[in-house]
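Numbering (mature numbering (1 follows the signal peptide of the UniProt record, and there is no 0)), first residue to last: -22 to -1, 1 to 732.
Below: one structure, written as structure tokens.
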Amino acid sequence: MLMQRVHVCAAIILCIAHACLSFENQTVNNNVTKSESNDLKLMLNLVGNVTESLDTAKPDENHTQAQRNASEDGEQMNKETHGAKPGEFMISQGLREVDSEQFSLNVLYGTHLKFVCLNLNLSDCPPLGLESLKVSDDQLESSSYLSVGLGPHRGRLNIQSGLEDDDEYDGAWCAGVEDQEQWLQLNAFRPTLFTGVILQGRNSIWRSVCVQFSNDSSVWQPCMNGSEEAVFVGNEDLETPVLALFPEPSVAQYIRINPQTWFSNGTICLRAEVLGCPVPHFSETESGSSDDLDFRHHNYNEMRKLMKSVNDECPNITRIYTIGRSYTGLKLYVMEISDNPGKHELGEPEFRYVAGMHGNEVLGRELLLNLMQYICREYNRGNQRVIQLVKDTRIHLLPSMNPDGYEAAYEKGSELSGWALGRYSFEGIDMNHNFPDLNNIMWDAQEMAMDKRRVSNHYIPMPEYYTSTEALVAPETRAVISWMQDIPFVLSANLHGGELVVTYPFDCTRDWIPRQDTPTADNDFFRWLATVYASANLVMANPERRICHSEDFQQHNNIINGADWHTVPGSMNDFSYLHANCFEITVELSCDKFPHASELPIEWENNKESLLLYMEQVHRGIKGVIRDKDTRAGIANAVIKVDGLGHDIRSAVDGDFWRLLNPGEYKITVWAEGYFPRIRHCSVGSEPHATICDFTLTKTSQDRLKQILASGGKIPRDNQVRIRAMRMRKLRASTKILNRRREQQQRLNKVKRK
């Protein structure tokens, strides 16, 4: 983006015809709406403030020249606008360079001339929202289109096509005629300072475009570069966005993109975003957030500083720790929030949010940074809901699982990183497919077993091959798996972007079918979890919202089984469920993977209640402590089985456990190696307060063990836990070896660069 600051001097002609507003007493004619009169009054105030500042400023040479140029422009505008209709907004393309940093922009409004100098940073003009859907379909038109699915409503940056060819959800606008008169048009609905466009191909590569402006969509003026019409370079490939900044920013209501030349094997198809700033005081005030949070995109160093500032502000409830490093050596930072940070409290559930698995899906990262700020400040302010959450829950926030990918996307910027840049790790690994595929291990074992009940449905060990140094496992994935082993997480959410939907396990289909509903044993509770987030999300809950790309998830209430959307073998969600005790969903937060910074306050408001409400669900179901009857010591790795549900969980190191369940009556059986099993009936209510369901187990006597052996039986052994622990030790050992190799290589590379 253009980073230099420019001064745009706008000559504003304020409407005084028909006595719409008296400058002397500011009385309003009954024919003028309240909104119009307020606009004019605000403009008058702006004029007065700027004029006063000009009068008191030091009159240096450039300043005097700028005023002289403005006066000359005003005289010329009086000549050009003779006969302008009262209240009519027109544009004059008479922009010209005043000095290396100053431009004169002519804006016409009515018949009375006033000069306003606006200090604008053109790099701050955000995208108007073709990609984020802030721009509605009825704001887009085109000269022609090839089919309904290739209409102007599909000409949005990064839009993705559906699975079926030639359906109504194709991936671009394509003209129905191949000539130089074709165009894609945006109606901004209000006077807007247009500063540039971002262009992207789709199954076509074209060489150049022109841009035109209008106030009434009838009379058009071309974007100029000096005395010639500006021609902008098109795309070199199908996906990379190309930024075209206008040499002369223009104020208008309509803008057209007009392809001029394309390759012989291509056609006129494009996706686009438009950059622009609403003209001050002629636009509605956009809603943001009342929370005073740091709403901007944070690179790695800025993220560290923000996390440190939160820790400094709330040292009694926060702790920063790392779980490993990325391939390039960036640390994977976690913010812990608890009334006793650094310590697992008996009976207190562990919760985690993970963001940035795909580095270019950045909204989750910023939401978690906002969330840690919000919890800290609201805790200090005495917000009882937040205090209760911090008191009863140990919260872990990992804002950037793939910092290498994020830095690559961040360097390009919000609208220029495209659909895939930064998605993968530095090594090119998609981490959402990088966890051990335990689904097929379980399903294969069930098919081969005579008694499927004997096949383990939980705590499944990772396969042997996955633990070697030769396995293609990202260091970030290894770090997260080790993290899962260290902390007995109960509930989690994996924050993504590019869609608006919440998915729940399983993510992987049986038999490699492309998509098929593949539920877990806890399908009802997973659907509840997904519904909690989706129903509280302000955008997902809006029945009038437009679909992002091609899938209409509103027909599913904005939730879907992950495998029924598309199969994802090796997902973190499935691994969490089958390898650990953790229930995890995926939240696709926005249509735009990398929303502009100006959208972040709104996105925070869209997701704030969902983020808080979802964390509170960790307190549903039953919880308790499993103890030895004689010693009262906690029993680790005890199996907790719910009658009628084919998924068991295990107790943590201290013997405490948490079993997420919907309201109802349940028969619970607990078993541990060396102990007699115990059965209890536990009731779960509708409130998010877990039912206490403790167990005490009696050790199997030596006499009973002798009887079993004498009858030819075998003493039950919990071999699965042993294998699982052994494989984890091997994974950690191979990780250390790979880390040392990588660090040595990085040191050698530094020496070579010197």
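For every residue, glycine included, the Cβ atom is placed at its ideal position computed from N, Cα and C.
Consult DSSP for residue i and reduce its assignment to one of helix, strand or coil.
{"i": "Leu578", "result": "helix"}
{"i": "Met202", "result": "strand"}
{"i": "residue 759", "result": "Any question about residue 759 goes unanswered here, given that the chain covers just -22 to 732."}
{"i": "Phe191", "result": "strand"}
{"i": "Ser15", "result": "Model confidence at Ser15 stands at a pLDDT of 45, short of 50, so the residue's coordinates are unreliable; what they give is reported in the following sentence. Helix, per DSSP."}
{"i": "Gly127", "result": "helix"}
{"i": "Tyr644", "result": "strand"}
{"i": "His436", "result": "coil"}
{"i": "Lys459", "result": "Note that residue 459 corresponds to Ile in the displayed sequence, not to Lys. Helix."}
{"i": "Val510", "result": "helix"}
{"i": "residue 736", "result": "The question about residue 736 has no answer, for the chain in this structure spans -22 to 732."}
{"i": "Ile701", "result": "helix"}
{"i": "Cys354", "result": "helix"}
{"i": "Asn472", "result": "strand"}
{"i": "Pro453", "result": "helix"}
{"i": "Asp415", "result": "coil"}
{"i": "Lys728", "result": "helix"}
{"i": "Ala616", "result": "coil"}
{"i": "Gln178", "result": "strand"}
{"i": "Asp77", "result": "Reliability fails at Asp77, whose pLDDT of 33 lies under 50, so the model's placement of it is uncertain and the value that follows must be treated cautiously. Coil, per DSSP."}
{"i": "Asp502", "result": "helix"}
{"i": "Val209", "result": "coil"}
In angstroms, rounded to a whole number, what distance separates the CA positions of residue i and residue j?
{"i": "Asp317", "j": "Arg249", "result": "49 Å"}
{"i": "Ile69", "j": "Asn193", "result": "Below a pLDDT of 50, predicted positions are generally treated as unreliable, and Ile69, at 34, falls in that range; the measurement from the model is reported next regardless. Rounded to whole angstroms, Ile69 to Asn193 spans 7 Å at the Cα level."}
{"i": "Asn536", "j": "Trp506", "result": "12 Å"}
{"i": "residue 773", "j": "Cys671", "result": "Nothing about residue 773 can be read from this structure; the chain reaches only from -22 to 732."}
{"i": "Ser242", "j": "Pro227", "result": "32 Å"}
{"i": "Asn410", "j": "Asp489", "result": "19 Å"}
{"i": "Phe273", "j": "Glu344", "result": "8 Å"}
{"i": "Ser304", "j": "Glu477", "result": "26 Å"}
{"i": "Arg401", "j": "Ile407", "result": "9 Å"}
{"i": "Val211", "j": "Ile525", "result": "31 Å"}
{"i": "Asn717", "j": "Asp290", "result": "31 Å"}
{"i": "Lys283", "j": "Asn277", "result": "10 Å"}
{"i": "Gln698", "j": "Met440", "result": "11 Å"}
{"i": "Trp636", "j": "Gly320", "result": "20 Å"}
{"i": "Pro666", "j": "Phe484", "result": "24 Å"}
{"i": "Ala575", "j": "Glu251", "result": "15 Å"}
For residue i, does the count of other Cβ atoms within 10 angstroms reach 16, so buried, or fall short, so exposed?
{"i": "Glu206", "result": "exposed"}
{"i": "Arg168", "result": "exposed"}
{"i": "Gln722", "result": "exposed"}
{"i": "Thr538", "result": "For clarity, residue 538 is Ile in the given sequence; the question names Thr instead. It counts as buried."}
{"i": "Trp649", "result": "buried"}
{"i": "Tyr444", "result": "buried"}
{"i": "His275", "result": "buried"}
{"i": "Gln160", "result": "buried"}
{"i": "Val631", "result": "exposed"}
{"i": "Ile715", "result": "exposed"}
{"i": "Arg725", "result": "exposed"}
{"i": "Phe654", "result": "exposed"}
{"i": "Gly396", "result": "buried"}
{"i": "Ala222", "result": "buried"}
{"i": "Ile176", "result": "buried"}
{"i": "Leu450", "result": "exposed"}
Could you name the residues of the same chain whose beta carbon sits closer than 6 Å to that of residue i, not counting the 5 residues immediately before and after it, in chain order?
{"i": "Leu623", "result": "Ala499"}
{"i": "Val364", "result": "Ile353, Glu356 and Tyr357"}
{"i": "Trp198", "result": "Gln190 and Ser192"}
{"i": "Met350", "result": "Val288, Met313 and Leu375"}
{"i": "Val113", "result": "Leu106 and Gly107"}
{"i": "Pro547", "result": "Asp415 and Cys486"}
{"i": "Asp634", "result": "Leu324, Gly325 and Val603"}
Looking only at its own chain, which residues have a Cβ that is under 8 Å from the Cβ of residue i, when we skip the five neighbours before and after it?
{"i": "Ala625", "result": "Note that residue 625 is His in the sequence shown here, rather than Ala. Correct list, in chain order: Asn435, His436, Thr498, Ala499, Asp500 and Tyr555."}
{"i": "Arg695", "result": "Glu651"}
{"i": "His544", "result": "Pro492 and Arg493"}
{"i": "Thr678", "result": "Gly652, Tyr653 and Phe654"}
Below 7 Å, is the gap between the Cβ of residue i and the nearest heavy atom of the ligand SAM?
{"i": "His474", "result": "Only the bare structure without any ligand can be found here, which leaves the ligand SAM out of the picture."}
Going along the chain, which residues of its own chain have a beta-carbon closer than 7 Å to the beta-carbon of residue i, five neighbours each way excluded?
{"i": "Leu346", "result": "Tyr331, Ala333, Leu375 and Pro377"}
{"i": "Ala386", "result": "Gly337, Leu399 and Gly400"}
{"i": "Cys152", "result": "Tyr123, Leu124, Leu128, Thr245, Ile246 and Cys247"}
{"i": "Glu583", "result": "Ser267 and Leu516"}
Query raised in the report: Taking contact to mean at least 3 C-beta pairs separated by less than 8 Å, is the region 604 to 623 in contact with the region 504 to 519?
Result: no
Requested in this report: Determine, using beta-carbon pairs with one atom in the region 705 to 713 and one in the region 630 to 645, whether at least three such pairs fall under 8 Å.
Outcome: no
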